[in-house]
Structures are given as C-alpha cells and as structure tokens.
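If you read the protein sequences in the order shown, they are chains A and B. Sequence positions in the first sequence follow my numbering and run 731 to 1428. Sequence positions in the second sequence follow my numbering and run 59 to 287. One structure below.
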Amino acid sequence: MALPGASYAQLCTNQSRVYAGFQDSQEAAGPLGSSVSVTNNNLAVDTDPSTAATLSINSLLSSSSVTQYLEFTNNGTHSGKRVITAGTPFVIKVSIPAAALSVAGTIEIGTFTGLNTSTKAAVRTSLYSASTVGLLSGAGAIEITLTPAQAYEGVYVKLSASLTIGVKAEIYGAYILEDNPLDIDCDKPIDVLTGVNGAGLLNATATVTNPYAAIDADPLYATYATLNAGLQAANEVYLTALFAKAGQPLDSVKIVYDGGGGLNLLSGFSIQPYLGTATAGGAFNNGNVTIKPVAGTTKFEVSFPVAAAFDRVKISWGGLLAIGAELHIYNVTKVIPKPDPLIDGVPLSFKNVCLGNATTLSINNLQQCTTYNWYADKTTTTPLFTGSTYSLGVLGLGDHVYYVESRRNNCISSISERVKVTIRVNPLPVVSVSNVTSCSGSTVNLAVNTPQAGITYNWYDASTNGTLISTGSTYTTPVLTAVTTYYVEAIDQVTGCASSSRGALTVNVKPLAIVPASTGLANICVGEVTTLSNSAAGGTWSSLNPLVAAVNATTGEVSALAAGTATIRYSIPDGLTHCANAVDFNLTVNGKPGLTLGTDPEICAGFTVASLTYSNPVNAPVTYSISWAASGFTAVTDQPLPAASIPLTIPANATPGIYNGILTIKNASGCSSQFNFSIKINPKPPAPHVLVTTNSQY
Amino acid sequence: MNSTIKKTVFAIAILLTCSFLRASAQVTPTTTDVSLFCKGSDLTFPAPAPGENWIVRFSTTATTTPSTVITLVGGNKIAAADLQNGYYYLSSKATAAGSCESEMQQIPVYVLKPLVPDFAAANFCVEAPLTQVGTIINPEDPTITTLAYQWYTVTGSAETAIAGATSKDYTPVSPTVGTTKYRLKVGYVIGGNKYCPQTVDHDVVVSAKPTKPTLTPAQISGTANAVTF
Chain A
731 MALPGASYAQ LCTNQSRVYA GFQDSQEAAG PLGSSVSVTN NNLAVDTDPS TAATLSINSL
791 LSSSSVTQYL EFTNNGTHSG KRVITAGTPF VIKVSIPAAA LSVAGTIEIG TFTGLNTSTK
851 AAVRTSLYSA STVGLLSGAG AIEITLTPAQ AYEGVYVKLS ASLTIGVKAE IYGAYILEDN
911 PLDIDCDKPI DVLTGVNGAG LLNATATVTN PYAAIDADPL YATYATLNAG LQAANEVYLT
971 ALFAKAGQPL DSVKIVYDGG GGLNLLSGFS IQPYLGTATA GGAFNNGNVT IKPVAGTTKF
1031 EVSFPVAAAF DRVKISWGGL LAIGAELHIY NVTKVIPKPD PLIDGVPLSF KNVCLGNATT
1091 LSINNLQQCT TYNWYADKTT TTPLFTGSTY SLGVLGLGDH VYYVESRRNN CISSISERVK
1151 VTIRVNPLPV VSVSNVTSCS GSTVNLAVNT PQAGITYNWY DASTNGTLIS TGSTYTTPVL
1211 TAVTTYYVEA IDQVTGCASS SRGALTVNVK PLAIVPASTG LANICVGEVT TLSNSAAGGT
1271 WSSLNPLVAA VNATTGEVSA LAAGTATIRY SIPDGLTHCA NAVDFNLTVN GKPGLTLGTD
1331 PEICAGFTVA SLTYSNPVNA PVTYSISWAA SGFTAVTDQP LPAASIPLTI PANATPGIYN
1391 GILTIKNASG CSSQFNFSIK INPKPPAPHV LVTTNSQY
Chain B
59 MNSTIKKTVF AIAILLTCSF LRASAQVTPT TTDVSLFCKG SDLTFPAPAP GENWIVRFST
119 TATTTPSTVI TLVGGNKIAA ADLQNGYYYL SSKATAAGSC ESEMQQIPVY VLKPLVPDFA
179 AANFCVEAPL TQVGTIINPE DPTITTLAYQ WYTVTGSAET AIAGATSKDY TPVSPTVGTT
239 KYRLKVGYVI GGNKYCPQTV DHDVVVSAKP TKPTLTPAQI SGTANAVTF
C-alpha cells in the first residue's frame, strides 16, 4: 500500500484534516436470518480520530453487506455536500476488531457521488477491495490513502461477507487535507496508529492499549499507552504517532516512556520517523540515542534530531526480551530545535568584539518554514528583530545580550526556547609612539610609549597591511641610513582588539659627520713623538690604548710609551645636521732594540781586531753602527749585527790608552738604541832578542 | 815638466817594486841575519823568562802579521822535522791574564838540504895512480853552487886531511901499495864559511908492480926460424 507523503512535505502553509461530516448507510442483509448493522454511525463523521462506527454482518445462508457513506459537506448536512475535485487524495482509517480478525470479510472502499439518502443509491467508483485487512496490522487501525481520478462527494466503505457470522469493521472516518490559514499546534500528535507486525497476526496476542494516552499532552505524564508484545517473539507491536504537520529537517522527536518498572532497554526498542509511508532518515534505538531519566520519576526521555522532514514516528517494541513485558508511552511530541546562533558566522554564544566593528547574528541550523525572533531578554514578547540574519551594526562598549528563538511558521506552539547570545564590545587599545632621531649607520632601539600589560604590539613597515616586522613593545631596527617610518599596532591579548590605526614612528636619520682619514706616521718607536693630522676641523684626538701611546687631544701629538698597537681616534662631535663620527688611525709603537754589553774589551797595542760582546738581545736588533770619539778609528754604519759579538776594528797604530765608542743598534722597525763603551789598548812589550845557535857551520 | 814627472813616477814605481820584492822575498842562504840549519837539526831557543812563554809564528815570507803559530817542543824548540825555510817570529807573553804579547823578533831560517857526495874507487897500480873522481849531488843548486871539498885518508877512525886535496877529484900522490881508505868531505860555502859537510868513504887498492918474467926460447913461439936461401 503506497501512502503518499508528498502532500505533507515542505509546506509552510498549514494543511488540516477535513473530515467527511455526513454519513448514511445501506444495509443489505441476506435472507434466512442474516443481519447487518451499522452502530455508532456518527462516530465515523466526527473529527475525533479515535472513535469509529462499527459495521457488522452475520450472514447465515447467503451473502450480506453493509455500506456506510461518508460525505464531505460544508455544514454537516447532506444538502451542504461538497464536490471534491478529482485527484484529491483522501484518507480513511479503518480497523478490524480483534475478535473479528479471524473472520473472513471483504472491505471495499471507493468514492461516490449522487447519494440518494432515500434509496441509498449512489454512483460508486470502487478503488480498493481486500478480504484480509486484519493482516495489515492485526487488531490495529490503519490509514488507507486513495487518490481518485474523478471528482467525488464522499467515500464509501462496504463490508460484505457470506456464510459468516461476526464480521465487523470499524470506520474511524475519512478526511482530505486542505490548506488552513490559521495557526495550528504543529508539534502535537493528532492521531495514533497501532498494530502488530510479524507472523500470526490473526491470532496475535500483542496489544496496544490506551494508544491515545501517548499523545494526550498530559504534562504530568500520568496516562500512557501500553505496548504489550504478547507471547509471540516473532511479532512486534507498534505505536505510530501522527503529527498535525510535518516537521522540518533537524526537528527532534521526544518520547517519554518507561517499562512499567521493569523496562529492558537493551533490546527490541526501535523508533523510526516517517514522512507518510517513507522512512525519514534511519531508525533510532537504544544503541544510538541518549536516554536520560526524567527527574523525580522512573520514566525516561529519549530525544533526538531527525535529519529529514517527518510527520509521524513509529515506536516498535518486540522480540524475545519483550515477551511478557510492557512499554509505556507517556508522551510523543515533535520539538522544534533550539536555534544554534552564529556570531559573525561562527557558532558562538559569546564573543568578544572590538569597538567599531559591525556584528551580525545569524543561525547555524537554519530551517525552512521557520521564523527566528531576536529578543532583548528571555521573556519580552516583542522581538528586537525577526529574521535569520540580524545585523547589529556597530555596537557600543559593553555587553550586549540577545535571545533568539525559532518559531515554526503558522504554528501555535512550535517555538523553541530562547538561546542567549552575548556580545561583548571591547575598547580598542591605544598605541602611542614618538619620533626619534638617529644617526646613519646605526641600529635604533624603538619603544612604545607607556606600553600596557596584556597588549601585544606589532611593528609594521606600512600603515596598513605591510609586513609584520616584529612583535613586542620594543624593536631594534636594522642599521638605518635613511629616514624610516615604522607603524605600530596594539592588540589586546584577551579580546584580540586592534588599535584603530597604527601609530607611526619616524626615525629621522642624520648623516654621520664626514671625517677623512687621519694622516701621519703609522710606525714609531717607543719614546718617539709624532703628530697626526686630520683635515676635518673641530675634532678631538684620543688614544684607545693610552698605555701604548698618548695623544694630545688638541694637537694630535702622539707620544709612544710602550711597544704595541694603539688606535688613535679623531672624533667629530654631534652637530645640528650631522651625527658624531670618528676615524681611527692605527699606530704601531715598536720597541727599541736592546742588549746587554759584556765587559769593555781590552787589547794590546798593535792589534787591529777586537770584539764587543753582548747578550740578551731584545726587540730583534738587526744592525749596528759604531762611532768613535777618537780620530783614526773607523766608524761602522748599519752593519748586520752578528750574534753575541760585535767586531771592532782598531787602528794598528793606535797608541795604548782608553778609547770611547758609541754602539747604535737598530731593529727591523727602524728603532734604535745607543750604548757607550770603551776599549783599552795596552802597551806591547818589546821584541825579544834571542840568539839562535846553529851547528851547521864547520 | 812632463818628462820630470814621468821619471819621478817611474822611479817611485821601481822603488816600490823593489821594496815589495824585498819584503816578500823568501829566505835564502844569504838573507841578512839568516840562521842556517842543516837538515835534521832542531831550532832551540833559549828558555823563556820565568812567567813568560815563547810564541813562535811562521811565514814563508817576511811579514808583520805571521799567522801560523808553531808549537814548540818543550816550550823552546822547533823540532827538526818541522823546521823549514822561512821567517820565524818570536814573541813573548806573560802568563798573567791580560798581558800583551811582545813585539816579534824576526828570525830568518834556511835549512840546508844535505849534499850527497860519492866517488867510484879507482884501484890502480902503484906505478900509475888513477884519479878518484868525485860526484856530488847538490840539492841547493843553483842557490848554492860553491862547495868546499877535502880529501882524507882514513885509518881506523882517524882521518887525515890530504894536503891540497880540496878539489872534487883527487889523484893520489906516492901511493902506498895496498888498500887505502879515502874520504871525500863536501860542504856548502856560504859567505866564506862552510856548512853542513857530508862525507863518503871508499877503499882504493894500490897494486904493486909485477916482477920481470923469465922465459926460455922454447917457451917462445913464433920466433923466426932460420931460413936458407
């Protein structure tokens, strides 16, 4: 049986049941004691889906039938009948009483026109016929939806039987769906279908009692429908709650139930949403839903969102573990979900925003046919704004609280609880910087004026966008040679708010004073004095190694004090248009050579060679010179210095006496030292006069 | 004027050359104050004064700066083997530290090489004495060409100069039959003095005149026989 649900789906406009409001019947009992009857006739044309008229047949020796006409009217009278256009589907709800399940009877359903309430004749069009309606749901009621191809004025149900006693059918009513401009209680179930699935339906022991207690909206959950799976494990008892209006995807189902004090939730429990006859999403069971107890009771509540639109939910109960057990359904409702707010597109309930920034509220779980109202508080009835996107614009400092609710269009009670959204508008941090002046070729340490704790300072090379250079309240620039501007942005570490603009800090770079190279002797000897010069005026001299060389600050006269190297700096001080600058002159102070002379030489007259011994040479003397005070002695100039002994050339005719000389030694650096010495010439004894004897003569 | 200058320069040059040659000349047997030594003789100085030592230097030519120091044997002797022609310079120096060496005494020394005389003993008959011809090897030739000769007869160890036998050759006069030992002594003649004699001895046999032979005619053959005509 195909039950089209398309007529329910995705319609924001309400559609309500319009029941057939006038009934008539035609009884055709067979002869020989057969009887037919229609009892509680009007219960088939009231608007209560739980009450029904009963068609009964006791046919002994022949065939009998009984027909009930359910005519659509404008005012409940035959004269006010309506003509329903062809193609308009109708639904008729019927059931077979449990006692009649095993009795063979045939139900024929069709439309009619031209009912003659006197003759009970009408033009019928049969659309459906079945002899085993009970196999559809056991003792439960079913809805049969049929779409006539012709215009009709009502629906008839004909129950017929032959040679059978106790044939019965219950007719709850027939209805069509028509647009309803009024608001309705969309989430409330308006009907219940129950029955049994599985084998042996005709003698099933499973039952559903008080099914309408499951949808009576008793806030105290005092009444309940009872699902009893009976003693046949193969059967499954069910209860289907039909809602007044199909929901939207993401609407939830909420069921309150218990097991009569002994409910076993581990098996046999299934909940399947439907849209008409089509399943809406997958089934839910105790394995994939969260079940929570209802506080203060022994009841449980299961609630879950359904991904697809649905207009009914079927609760099934059965299986081995359900044998002998009961499932009490206290309430079944459809719940519109709470809106999931977005703050500036992000799912948040609280957000820090920065002053000056516009804020927009919107809905993450947006649903069709749903209106979103934004309120100032939880109870105000007048919304600040209605719509799924609420542009708040630029808010002032402080917290701004909004509540949003979702309300299903054209529904009375399909309203969610209000969800709180808080927007905290934070002040923008302020950044203060001051320009500085620096000298070309130097790095500059920059700092934010009065940096605040909790504020991050970012340094950029442009007033907007640009490259992030550094982070921190201070920044050391690279070596700068030109005027450079840096831009500092302050960001609150808690709120993330940035300063409204970047503070510009300009480094005014002054050129360095031009100082040409100093000139002068780069190598001097210890004890010597030289004067350095520089063509730049106004500078001062200083020695970076005063123990090696001292310099007169004004004249540049350098005095070599000790061997080593000294840097002599000529400095030009800061000026209005230039920065201080200096130039260094590398001066090498060479040590004077030295040695330790031995004892003064002493020779005998006539000797022309003597030597001047020495030891402990220092500072690498390489040459020597000798000068004499006395005439006749030959001076020696810049001769290679021999090791240990310096030769002296003495005039052969030097008379005995003491002669003074000066020894000058030099090293490779050109430094020299002088040493006085003397040589003593001792007189020479006269030659001996010996007589040499020979024996050569004879 | 130019001629005068040229002559003067030439004269100076000659003078300098001669002086040089003189100064640098080697010692000869006739060098002034030369001390002549026979080969094989030591040169012995007097013992130095107490506290002093001799210092001897040598140069083959006259110099003021002799460089070769001679080691003295016993402090005052130059061994014969080391003695050679040249100038020895003798100076003294006290053993005290710092003492100066005295001026040097120049001692020219000439060592005469030994002559080698000889003669071949020429035996002879007493009635016809033969000349004993002397032969002399003179190693100093041509420096010294004048030699002194003297012939001796030697009997045992006694030699007896033969008067007038002062030439290189000698012909015995009135020899005595028998064997006579003759000695030839040869020396250098320098400055009129004779030096470094060398001798050579040889026995000379003087034979007597044989007696007159006695022959019979029979012992004489070849005599002319009488012929008949």
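Even glycine gets a Cβ: it sits at the ideal position worked out from N, Cα and C.
Compare the C-alpha of Gly1305 (chain A) against each of A:Leu1242, A:Val1149 and A:Tyr1216 and name the closest.
Of the candidates A:Leu1242, A:Val1149 and A:Tyr1216, the residue whose Cα lies closest to the Cα of Gly1305 (chain A) is A:Leu1242.
List, in order along the chain, the chain C residues whose C-beta lies closer than 8 angstroms to that of Pro104 (chain B)?
The chain labelled as chain C is not found among the protein chains of the depicted structure, namely A and B.
Would you be able to state if there are at least three C-beta pairs under 8 angstroms between the segment 1192–1201 of chain A and the segment 1229–1243 of chain A?
yes
Looking only at C-alpha atoms, which of A:Ile1411, A:Gln1404 and A:Pro1372 sits nearest to Asn1383 (chain A)?
A:Ile1411
Which residue from B:Lys239, B:Pro268, B:Val258 and B:Val235 puts its Cα closest to that of Gly245 (chain B)?
B:Val258
What do you reckon, are the CB atoms on Thr1214 (chain A) and Thr1204 (chain A) nearer than 8 angstroms?
no
Assuming contact is defined by CB atoms lying nearer than 8 angstroms, are Leu1085 (chain A) and Leu1127 (chain A) in contact in what I supplied?
yes
With Ala180 (chain B) as the anchor, note down where its beta strand (DSSP E) starts and where it stops.
For Ala180 (chain B), no beta strand (DSSP E) run applies, since DSSP gives it neither H nor E.
Who are the Cβ neighbours of Ser1143 (chain A) in its own chain at under 8 angstroms, not counting the five residues just before and after it?
By the criterion of a C-beta distance shorter than 8 angstroms, Ser1143 (chain A) is surrounded in its chain by Asp915, Cys916, Asp917 and Lys918, once the five residues flanking it on both sides are discounted.
Hey, could you find the ends of the beta strand (DSSP E) Glu908 (chain A) is sitting in?
Ile895 to Asn910
Can you give me the C-alpha to C-alpha distance between Tyr882 (chain A) and Lys811 (chain A), rounded to a whole angstrom?
Distance between the alpha carbons of Tyr882 (chain A) and Lys811 (chain A) is about 10 angstroms.
Just the Cα atoms here: how many angstroms apart are Pro941 (chain A) and Leu1057 (chain A)?
11 angstroms
Could you run through the segment 148–182 of chain B and flag, in chain order, every residue whose CB is less than 7 angstroms away from some CB of chain A?
Leu148, Ser149, Ser150, Gly156, Cys158, Glu159, Ser160, Glu161, Met162, Gln163, Ile165 and Leu170
Closer than 8 angstroms, CB to CB, is Tyr1389 (chain A) near chain B or not?
Taking Cβ atoms only, chain B never reaches closer than 8 angstroms to Tyr1389 (chain A), which makes this a no.
Shorter than 8 angstroms from the beta carbon of Asn1383 (chain A) to some beta carbon of chain B?
no
Does the segment 1124–1140 of chain A touch the segment 1089–1105 of chain A, meaning 3 or more C-beta pairs lie closer than 8 angstroms?
yes
For Gly682 (chain A), name the three-state secondary structure that DSSP assigns.
No statement about residue 682 (chain A) is possible, as the shown extent of chain A runs from 731 to 1428 and does not include it.
Just to confirm my understanding: we take Thr1379 (chain A), look at its own chain, exclude 5 residues before and 5 after, and list those with CB closer than 7 angstroms. What are they?
Here the set comprises Thr1338, Val1339 and Thr1364.
Give the range of the beta strand (DSSP E) segment to which Pro1003 (chain A) is assigned.
From DSSP, the beta strand (DSSP E) with Pro1003 (chain A) extends over Phe999 to Leu1005.
At least one CB of chain B closer than 8 angstroms to the CB of Asn1361 (chain A): is that the case?
It is worth fixing the name first, because residue 1361 (chain A) is Ser in this sequence and not Asn. Ser1361 (chain A) does not count as touching chain B.
Give the range of the beta strand (DSSP E) segment to which Gly989 (chain A) is assigned.
Counting along the chain, Gly989 (chain A) falls outside any beta strand (DSSP E), and DSSP gives it neither H nor E.
Give the C-beta separation of Val262 (chain B) and Tyr240 (chain B) to the nearest angstrom, bearing in mind that I take them to be a contact with Cβ-Cβ under 8 angstroms.
5 angstroms
Hey, how far is the Cα of Ile1244 (chain A) from the Cα of Ile1356 (chain A)?
Ile1244 (chain A) and Ile1356 (chain A): Cα-Cα distance of roughly 49 angstroms.
Taking the beta strand (DSSP E) that Cys254 (chain B) falls in, what are its first and last residues?
Asn251 to Ser265
Residues of chain A with a CB under 8 angstroms from the CB of Pro255 (chain B): which are they?
Tyr1428
Just to confirm before moving on: does the CB-CB distance between Ala871 (chain A) and Ile920 (chain A) stay below 8 angstroms?
Going by C-beta atoms, Ala871 (chain A) is not nearer than 8 angstroms to Ile920 (chain A).
Pull up the distance between the alpha-carbon of Gln1369 (chain A) and that of Ala137 (chain B), whole angstroms please.
45 angstroms
Measure from the C-beta of Ala81 (chain B) to each C-beta in chain A and report whether the shortest distance is under 8 angstroms.
Because the pLDDT of Ala81 (chain B) is 43, which lies under 50, any placement of that residue in the model is unreliable, and the number read from its coordinates should be weighed accordingly. No, no contact with chain A.
Whose CA, out of A:Glu900, A:Val1174 and A:Ile1153, lies closest to the CA of Lys1081 (chain A)?
A:Ile1153
Return the Cβ separation of Val1062 (chain A) and Val1043 (chain A) in integer angstroms, given the expectation that the two are a contact with Cβ distance under 8 angstroms.
6 angstroms
Note down, in chain order, every chain B residue with its Cβ under 9 angstroms from the Cβ of Ala1417 (chain A).
Per Cβ cutoff of 9 angstroms: Tyr147, Leu148, Ser149, Ser150, Ser160, Glu161, Met162, Gln163 and Gln164.
Taking only beta-carbon atoms, is Cys1334 (chain A) less than 8 angstroms away from chain B?
yes
For the 8 angstroms Cβ check, are there 3 or more pairs between the segment 886–895 of chain A and the segment 805–819 of chain A?
no
Expressed to the nearest angstrom, what Euclidean distance is found between the alpha-carbon atoms of Tyr1300 (chain A) and Ser1164 (chain A)?
33 angstroms
Just the chain A side, please: which residues come within less than 9 angstroms of Ser99 (chain B) by C-beta, in chain order?
Thr1424, Asn1425 and Ser1426
In the segment 239–264 of chain B, which residues sit with their C-beta less than 7 angstroms from some C-beta in chain A, listed in chain order?
Gly245, Asn251, Lys252, Tyr253, Cys254 and Pro255
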